[in-house]
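Student:
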Amino acid sequence: YPLEHRVRYSGDWKRQLGYEQEELPDTVDVWASRLHPDDAGRTLLYLDEYINKGQPDQYSARFRLRHRDGSYRRIYSEGKAIEFHEGHVSRMLGCHVDITESERIEAALINQQERAQLYLDVAAIMLLGLDCDTTITLINQKGCEVLGVAAKEDVLGKQWLQFIPPEERPEVEEILQGLFRGETEPYQRVESHVVTASGKLRRVVWHNAVIRDPNDDIVGTLSSGEDVTERRELETRLAQA
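Residue numbers (the working numbering): 65 to 305.
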């Protein structure tokens, strides 16, 4: 990158843009014309500001470059000043990585996660995921309703035992440790209280399973919980009657 934005492409970079080695000269003055119109102004302004700083700090940027076939490729670029002239950067060395495919995969994964979360949220039962430190890694909308919290962010990343009444914590911790050891059969169905955000107790029936990684090691638990508070209260009143 000289001051006038002339670019020297490496052979590999030419191939990434769809050109053969001989099709682009060693130095071409088409940097701005290769940028996507929506990215050109912002990217060139950013580089100009960097150049005028006269400081050898590293820059990074994301933009789209036009491929030979007319499509645009998403690029992540990192660079550093390598030459100064009269207090200003006169040349920079940049490393460009084509992230088009990785961003497409990332977007697809995010879409899948959002869709999966939607499925979880429409479930009429509470769904709860814990890691082996009993940290909450997953909860659905029904779970938030049972706990009396407004959003998942109020729960995710917190210790599950803080939502259990103090007198029941040793028993719940023993159940969880048993699951983490792979002793799933005794703890497939358990019943315990949870403490809501307002301090009230709700009675929940849990069905528990463990999550394993590709090496078959247990990395967490996944539980479905049914709020049976009103049912248990009705059963108690009927028994007393």
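C-beta atoms are modelled at their ideal positions from N, C-alpha and C, and glycine is treated no differently.
DSSP beta-bridge partners for Val268?
Tutor: Ser256, Asp291
Student: Could you tell me if Arg266 is buried or exposed, where buried requires 16 or more neighbouring beta carbons within 10 angstroms of its beta carbon?
Tutor: buried
Student: Does the structure place the region 270 to 288 close enough to the region 237 to 251 that three or more beta carbon pairs sit under 8 Å?
Tutor: yes
Student: How many angstroms separate the CA atom of Tyr123 from the CA atom of Glu165?
Tutor: The alpha-carbon atoms of Tyr123 and Glu165 are separated by roughly 23 Å.
Student: Between which residues of its own chain and Trp77 is the CB-CB distance below 8 Å, once the five residues before and five after are set aside?
Tutor: By the criterion of a C-beta distance shorter than 8 Å, Trp77 is surrounded in its chain by His160, once the five residues flanking it on both sides are discounted.
Student: Exposed or buried, which one is Gly193 when buried takes at least 16 other CB atoms within 10 Å?
Tutor: buried
Student: Is DSSP giving Asp218 helix, strand or coil here?
Tutor: DSSP places Asp218 in helix when its eight states are reduced to three.
Student: With a threshold of 16 other CB atoms inside 10 Å of the CB of Gly134, please say whether the residue is buried or exposed.
Tutor: exposed
Student: Thinking just about the alpha-carbon of each residue, which of Arg98, Thr198, Gly284 is nearest to the one in Gln223?
Tutor: Thr198
Student: Once DSSP output is grouped into helix, strand and coil, what is the label at Lys78?
Tutor: helix
Student: Do the CB positions of Val213 and Ile200 come within less than 8 Å of each other?
Tutor: Taking 8 Å as the Cβ cut-off, Val213 and Ile200 do not qualify as a contacting pair.
Student: Answer with buried or exposed for Thr300, where buried requires no fewer than 16 other C-beta atoms within 10 angstroms of its C-beta.
Tutor: exposed
Student: By Cβ distance below 8 Å, which residues in the same chain neighbour Ile275 in space, the five residues on each side in sequence not counted?
Tutor: Gly193, Ile282, Val283, Gly284, Thr285, Leu286
Student: Please state whether DSSP places Tyr136 in a helix, a strand or coil.
Tutor: strand
Student: Does the separation of the CB atoms of Leu302 and Ala261 fall below 8 Å?
Tutor: no
Student: Output yes or no for whether 8 Å exceeds the beta carbon distance between Ile189 and Ser288.
Tutor: yes
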